[in-house]
Each structure stands twice: as structure tokens, then as C-alpha cells.
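J.:
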Ligand code: RTP
Ligand code: MG
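Residue numbers (full-length UniProt numbering): 1 to 141.
1. Return the first residue and the last residue of the alpha helix (DSSP H) that residue 2 is part of.
2. Let me know if residue 80 comes out buried or exposed under the rule of 16 or more other beta-carbons within 10 Å of its beta-carbon.
3. Are there any heavy atoms of the ligand MG lying less than 7 Å away from the beta-carbon of residue 125, as far as the coordinates show?
4. Tell me the start and end of each unbroken alpha helix (DSSP H) in the segment 39 to 118 that is at least 4 residues and wholly inside, in chain order.
5. Going by beta-carbon coordinates alone, are residue 118 and residue 14 separated by less than 8 Å?
6. Express the C-alpha separation of residue 141 and residue 107 in angstroms, rounding to a whole number.
7. State the DSSP-derived secondary structure class of residue 25, mapped to helix, strand or coil.
8. Are the segment 38 to 45 and the segment 64 to 78 touching by the rule of at least three beta carbon pairs closer than 8 Å?
9. Check for me: the alpha helix (DSSP H) holding residue 15 runs from which residue to which?
10. How would you label residue 126, buried or exposed, when you count the other beta carbons within 10 angstroms and need 16 or more for buried?
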């Protein structure tokens, strides 16, 4: 099965502030995915409410939005064969303590001392999410 897809990757404020952006991009490129757009920004709460709409009402929603606009984020549009599922595999499980070694979150993620899981990266979870999220972060694409 082949399908060239695009996905949205975010290096979250913990990843950016710890200087892990290069490491995340290295792993994406080493896997064979292309970087098609990249932007460093401090997101607005409006963008984050749209981005995380599926989580509205959950107990971690407020702390998540607060965490995500607490510093700079690197938004990256990537492209490649089945890169949506592929990047989710590179990222590893949501909880960095449970994420497998070898994955970005398993190797680099820390979740202690924070109200939300500071897990370094976000990756779109389906073609529908990718399309919706790319329109928020890269409306020009
Ligand atoms: P993401 O959307 O960031 O790629 O992560 P994900 O699909 O693995 O996780 P998701 O369920 O979509 O949750 C979004 C983000 O919310 C934070 N979170 N904290 N119980 C908690 O403390 C909790 N649950 C979720 C994480 O930052 C997660 O990545
Ligand atoms: Mg998610």
C-alpha cells in the first residue's frame, strides 16, 4: 500500500526550549520524509482551541492550551509515504514514561512536574486531522 500524505508536526514548547528541534527534524528526515514548510511561533489561544477542539471539556484541556502557548512552537508540514502513521510511530506513546525506547517521546520525553504530559511533539492522527490541522498552522499551503 502506498500513499503520499502530508502531516502536521509540532515541536512543543518543552521540545523547543530544550533544544530538541534539530533532533526531531533529523529523525523525520532520516526516516525519509520531506519537510515542506516550517515556522517558529508562539501560538495564540485561538489557534490552540481550534487545533485541540476534540479535547475541549476534558480535564487537561485548560492546562494543555496554557502549556502550548507558554513558549515557542515549531510547526512543520511533512510529506511522505504514509507519513501520518509513520510519524506517530516515530513519536511513540502519548505518555513519555510509557513510550518505547527508540521513539522521540521514549528517548527524550519527560512528564514529571507538569499538569500535562510534556511530550515534545504533536503529530496528526488521521488524514482528516492532518488536513484540518495543516489549514490552521499553514493556511497558505
Ligand atoms: P498529540 O495530539 O499531541 O500528538 O498527542 P496524542 O495524540 O498522543 O495525545 P492526545 O490524546 O491527542 O492528547 C493531546 C495532548 O494533550 C496532552 N495530554 N495530557 N492526562 C494528561 O495529562 C494528558 N492527556 C493528554 C499531551 O500533551 C498530549 O500530547
Ligand atoms: Mg492527538
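Even glycine gets a Cβ: it sits at the ideal position worked out from N, Cα and C.
Nothing here was measured: the structure is a model prediction, and the numbers come from that model.
T.: Judging by the given coordinates:
1. Counting along the chain, residue 2 falls outside any alpha helix (DSSP H), and DSSP gives it neither H nor E.
2. buried
3. yes
4. 45 to 51, 61 to 68, 83 to 91 and 104 to 108
5. yes
6. 32 Å
7. helix
8. yes
9. 13 to 17
10. exposed
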